[in-house]
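For reference, the structure discussed in these notes is given below.
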Amino acid sequence: MSKIIASAAIRGAHKIVNDARQKWQQAMDKYGANEPIGFPNTAYYLPIIYGILGTPVAKLGDAEQVLKKCQAILPPMVKEIHPLPYLAPALDAGMATLFAEEIIEAIRYLEQPNFYTKQENTVGGNIWLGAADDIILRKRGIEFVDGTAPGFAAVLGAAPSAEIAARIAQELQQKNLYVFMSAEYNGKRFSEQLLEAGVQIGWPTRLVSFGPDVSATVFALGFAIRASFSFGGIGPGEYRKHLIYNKDRIFAFALPLGYVTDEWYANAAGAINFGFPVIADTPIPEVLPTGICTYEHVVSNIPHDQMVAKAVEVRGLKVSLAEVPIPVAFGAAFEGERIRGEDIYLECGGGRTQMVEWVTSKRMDEIEDGKVEVIGPEITDVTAGSRLPLAIVVEVAGREMQDDYEPILERQIHHLINYAQGVMHIGQRDIAWLRVGKQAVAKGFRLSHIGTLLHAKLHQDFGRIFDKMQVKLYTEGDKVAEMVEKARAAYGVRDARIEGMTDETTDMYYSCTLCQSFAPGHVCVISPERTGLCGSYNWMDCKAASEINPTGPNQPVAKGEVIDAHLGQWKGVNEFVTKASRGKIDHYNFYSVVNDPMTTCGCCECIAAILPLCNGIMTVNREYTEQTPSGMKFTTLAGTIGGGISTPGFVGHGKYNITQRKFLLGDGGLLRIVWMPKMLKEEIGDRFKARAEELGVPNLLDMVADETVGVSEEEILPFLQEKGHPALTMDAIIG
Ligand code: SF4
Ligand code: ZN
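Take the sequence shown: its position 450, counted from the start at 1, is 1007 in the numbering used here, and no numbers get skipped.
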């Protein structure tokens, strides 16, 4: 490392550590050592400190030992005639910087609780989001798992103009990267420039305005370390593993825009510890020999129009960009855009008009590949603010095509349309909802481009299963109504097929090992009556996925001999799990939380836990952030069991699974459920009641306690007794 950079980084680290010490001392004087501190709604305390040092900082007093550690690893200032190599001391300085910044930011949360919006979006005039909570981490982290987001760019400072900022941001978005923004240059900040250029910022568009100061850079690295905690199953204090995991799996880099101060250098040194290189627009000294990072550490003086390309090259990112011939930008980062009020040019569906989407198979000779027809008015035929009915009918044909694949293709329509910049899509089937923004129309976007993009992307991703595809877009009322009728008939047939299936009716289950890239020992095996715990994959999806991509993460699993029908254990499944987990786990039960449950990874929609005092089981969904009768919040539960292990007493599962007939069958089934958050009761209420009826206890849902009754076993037990909850008279839950 260059001596200039090392000296600057060490100087910057000294300043930041001193600042943290002062702020901490003042806070101690004011609040005392027992004052709770931390980032909101997370199981990982101050995540970098927790991950690297293993120290859970939960109170002001806990920070003292961390500050001592900072002092201990902080190298002396580099003297003119310093004889030592510079890399190691600079890296230590970088680490001390990050610890100190976490303390600074935690004290800010204490002193100014509303400084950050603490959610996914900007709120009113407040554009600073602050640390991502565990809900955001999970929701966004899954995109790192499934590859929709390869990593992130940490942008410090500001571009020379708002236009250049917007261009850099869009280029990063088109590469599907998240953009984490912090620090100020010349009185300007990158996030403010984006707003000035009319760009939507917030987690949904992947443009994350963490905070105004350089210390907010620590939220980007904290996000990275929580990814290795929650998806990598790496524990507190396993610093080597955390850093290696990030270097190998999180494609991140820093883009300092503007004059690089000592404090910026100190943060850059922190980032280099994670293997994240630095690409600067200013002529700072370069650090080219490779070592910690995959390629160069610091590359400087890069013109703005080449920065993103250079960063991608230096970090070794392989981005496959789809050629989608439409007049607006296209990519996953545009999925979260919202189009509202004045910005709407055309609206279809959403209860205002009829809208439907339907993929259906045809004979080969009935289809002209790539043909797109708009039957009825186009965007150019209506004025801004108009509404039209819409039916999107995708017709496919191919020797490999099967009816079972139709819903798989149909499900892509939602996100593919959303990928187009300036176009918003919600829902599916006959409850779809589309908005096309004025900006998109001004750039030349037409309804026909929906056909164009579906043709391009579906061919690219699913070309194996069909040969030809054409798209018809109907915008006349009677035609749309006719298509809705036809589509509904097709949906009915599909639904009956999967609803009617039981685990006994098939010999073949399917694995999903998609999460292994983050939770190494985790193996989902998905049967018709036990959908994937993330809620994203049911048996039919996995079957289709395995046929579409036979070497992919979904493999057929011959279930083999029954070992225990009640608990849901099969010989063939055990053999598969042993192999797929590389010996980490050799058996599990599909239908039990008490006895050797399935492995749980961090994506689970819900976590069930036994409540011994109530002789029952509770389950909590991810969105519910408060205390539960298990004594733990969702985030703590997920942090404890979510690393891909099997933990008796706890299991992750999907929301839909709760009302499937085999749910916890081995433990007494649905009748064991004694507590759920109110929001979950409401969400699955209709299906729950139907299932309770089948079980002969039609008012079961009313007997299930929620947070309005209590959040401890002691609080809910009298309620269960009063209601006569069936769990109370069942066999003892732990024998
Ligand atoms: Fe991960 Fe299991 Fe969902 Fe697959 S089914 S994505 S392995 S949680
Ligand atoms: Zn997962």
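We put the beta carbon where it would ideally sit given N, CA and C, even for glycine.
Being a predicted model, the structure only gives us computed values, none of them experimental.
Taking all protein chains shown into account, do 16 or more other C-beta atoms lie within 10 angstroms of the C-beta of Val1119, making it buried, or fewer, making it exposed?
The residue is exposed, with fewer than 16 neighbouring Cβ atoms inside 10 Å.
So Asp987 packs on Val931, CB below 8 angstroms; how close in whole Å?
Rounded, the Cβ-Cβ distance is 20 angstroms, inconsistent with contact.
Which one of Met1233, His1144, Val712 has the shortest CA to CA distance from Glu1183?
The candidate whose alpha carbon is nearest that of Glu1183 is Met1233.
Measuring alpha carbon to alpha carbon, tell me which of Arg920, Ala1166, Asp819 ends up nearest Val1151.
Closest option to Val1151, Cα to Cα, is Ala1166.
For Phe786, which of helix, strand or coil comes out of DSSP?
Correct three-state label for Phe786: helix.
For Gly759, which of Ala826, Gln730, Val771, Ser785 has the nearest alpha-carbon?
The option with the nearest alpha carbon to Gly759 is Gln730.
In terms of residues, what are the limits of the beta strand (DSSP E) holding Gln1027?
Residues 1025-1031.
Just to confirm, is the Cβ distance from Ala781 to Ile807 under 8 angstroms?
Yes, Cβ-Cβ distance for Ala781 and Ile807 is below 8 angstroms.
Going by alpha carbons, who is nearest to Lys1246 out of Gly1267, Arg1218, Glu1271, Val614?
Comparing Cα positions, the closest option is Arg1218.
Less than 8 angstroms between the C-beta atoms of Gly768 and Tyr742, yes or no?
Cβ distance not < 8 angstroms, so Gly768 and Tyr742 don't count as in contact.
I think Lys616 touches Ala590, with their Cβ atoms under 8 angstroms apart; what is that distance to the nearest whole Å?
Contact holds; Cβ gap of about 6 angstroms.
Confirm the yes/no value for this check: CB of Thr1070, any heavy atom of the ligand SF4, distance under 7 angstroms.
For the ligand SF4, at least one heavy atom lies less than 7 angstroms from the Cβ of Thr1070.
At which residues does the alpha helix (DSSP H) containing Arg968 begin and terminate?
963-975 is the extent of the alpha helix (DSSP H) around Arg968.
If you draw a straight line from the alpha carbon of Ile1022 to that of Leu1015, how long is it in whole angstroms?
Taking the straight line joining both Cα atoms gives about 10 angstroms.
Quick check: Leu1170 and Ser1149, are their CB atoms within less than 8 angstroms of each other?
No; because the gap between Cβ atoms is not below 8 angstroms, this pair is not in contact.
I need the DSSP call for Val1080, collapsed to helix, strand or coil.
DSSP places Val1080 in coil when its eight states are reduced to three.
If you draw a straight line from the C-alpha of Gly1008 to the C-alpha of Pro860, how long is it?
The alpha-carbon atoms of Gly1008 and Pro860 are separated by roughly 37 angstroms.
Kindly indicate which three-state DSSP category Trp821 falls into: helix, strand or coil?
Helix, per DSSP.
Considering only DSSP beta bridges, list what Val980 is partnered with.
DSSP, once it has assigned bridges, lists Val993 as partnering Val980.
Could you say which of Pro842, Arg783, Ser1103, Phe1147 lies nearest to Asn598 if we only look at CA atoms?
If we check each option's Cα against that of Asn598, Arg783 comes out closest.
Cβ atoms of Asn1172 and Ala1289: under 8 angstroms apart, would you say?
Yes. Within cutoff.
Verify the contact flag: His522, CB atom, against every heavy atom of the ligand SF4, threshold strictly below 7 angstroms.
Residue 522 lies beyond the residue range present for the chain, which begins at 558 and ends at 1292; the question has no answer from this structure.
Could you give the distance in angstroms between the alpha-carbon of Ser1084 and the alpha-carbon of Leu624?
Spanning the two alpha carbons is a distance of roughly 51 angstroms.
Compare the beta carbon distance of Asp1060 and Ala1115 with 8 angstroms and say whether it is the shorter of the two.
Contact: no.
Does the distance from the C-beta atom of Val1037 to that of Phe1002 stay below 8 angstroms?
In this structure, Phe1002 does not lie closer than 8 angstroms to Val1037 by Cβ.
Give me the Cβ distance between Lys995 and Gly1078, rounded to the nearest whole Å; I'm assuming they're in contact under 8 angstroms.
Actually they do not touch by this definition, with Cβ atoms about 50 angstroms apart.
Among the candidates Leu778, Tyr976, Gln583, whose CA atom is the shortest distance from the CA of Gly1365?
This structure cannot speak to residue 1365, because the chain is shown only from 558 to 1292.
From Ile886 to Thr762, what does the alpha carbon distance come to, in whole angstroms?
This sequence places Ala at residue 886; Ile is not what is there. So the alpha carbons of these two residues sit roughly 13 angstroms apart.
Since Leu903 and Ile936 are thought to touch, with beta carbons under 8 angstroms apart, how far apart are those beta carbons, to the nearest angstrom?
About 6 angstroms; that satisfies the 8 angstroms criterion.
Buried or exposed: Asn858, going by 16 or more other Cβ atoms within 10 Å of its Cβ?
Exposed, because fewer than 16 other Cβ atoms sit within 10 Å of the Cβ of Asn858.
Is Gly827 near Leu655, with beta carbons less than 8 angstroms apart?
It is a contact, given that the beta carbons lie within the stated cut-off.
Roughly how far, in whole angstroms, is the beta-carbon of Lys1100 from the beta-carbon of Tyr1067, given that I think they are within contact range, below 8 angstroms?
That pair is a contact at about 6 angstroms.
Between Ile1083 and the ligand SF4, is the CB less than 7 angstroms from at least one heavy atom?
Yes - the ligand SF4 has a heavy atom lying nearer than 7 angstroms to the Cβ of Ile1083.
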